[in-house]
Amino acid sequence: MHAIPEAGALVGWFKSSYSGGANGECLEVASGYAFVPVRDSKTADGPVLVFSATGWSSFLTAIKNDQPSA
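Just so you know, we're using my numbering here: the sequence shown kicks off at 193 and counts up by one.
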C-alpha cells in the first residue's frame with residue numbers, strides 16, 4: 193500500500209491528447225507516482241481518482257479496443 197498525498201500536493205499534471213478541449217472537457221493525469229492520479233481539468237482542486245498502474249493500463253487498453261465493461 194502506498195501513501196497518497198493530498199490532491200493539492202500532486203504535481204506533474206498533463207492533459208490527455210484525446211480530450212477535445214474545446215469545452216474544457218479534459219482529463220489530466222499526473223506521472224511519477226506509484227499510482228496514477230486522474231482529475232477533471234475544469235476542477236483542478238476537486239476530487240482525484242486514483243488507479244493502480246495495472247488498473248490504469250487495463251482501463252486504457254479496454255478503451256483503445258472499444259471494450260469498456262461495467
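All residues carry an ideal CB built from backbone N, CA and C; glycine is no exception.
What you are looking at is a predicted structure, and each value in this text was computed from that prediction instead of being measured.
Simplified DSSP assignment, three categories, for residue i
| i | result |
| --- | --- |
| phenylalanine 251 | helix |
| alanine 201 | helix |
Cα-Cα separation, residue i to residue j
| i | j | result |
| --- | --- | --- |
| methionine 193 | serine 244 | The predicted model places methionine 193 with a pLDDT of 48, which falls under 50 and marks its position as unreliable; any figure quoted below should be read in that light. Approximately 10 angstroms between the Cα atoms of the pair. |
| lysine 256 | serine 249 | 11 angstroms |
| glutamine 259 | phenylalanine 206 | 25 angstroms |
C-beta neighbour in chain B for residue i, strict 7 angstroms
| i | result |
| --- | --- |
| valine 228 | Among the protein chains of the structure shown there is no chain B, as only one such chain exists. |
For residue i, the first and last residue of its enclosing beta strand (DSSP E)
| i | result |
| --- | --- |
| proline 239 | Counting along the chain, proline 239 falls outside any beta strand (DSSP E), and DSSP gives it neither H nor E. |
| glutamate 220 | 219-222 |
| aspartate 232 | 228-232 |
Cβ pair residue i, residue j closer than 7 angstroms
| i | j | result |
| --- | --- | --- |
| alanine 236 | proline 229 | no |
| glycine 224 | glycine 200 | no |
Integer-rounded CB distance, given that residue j should sit under 8 angstroms from residue i
| i | j | result |
| --- | --- | --- |
| serine 233 | leucine 219 | 7 angstroms |
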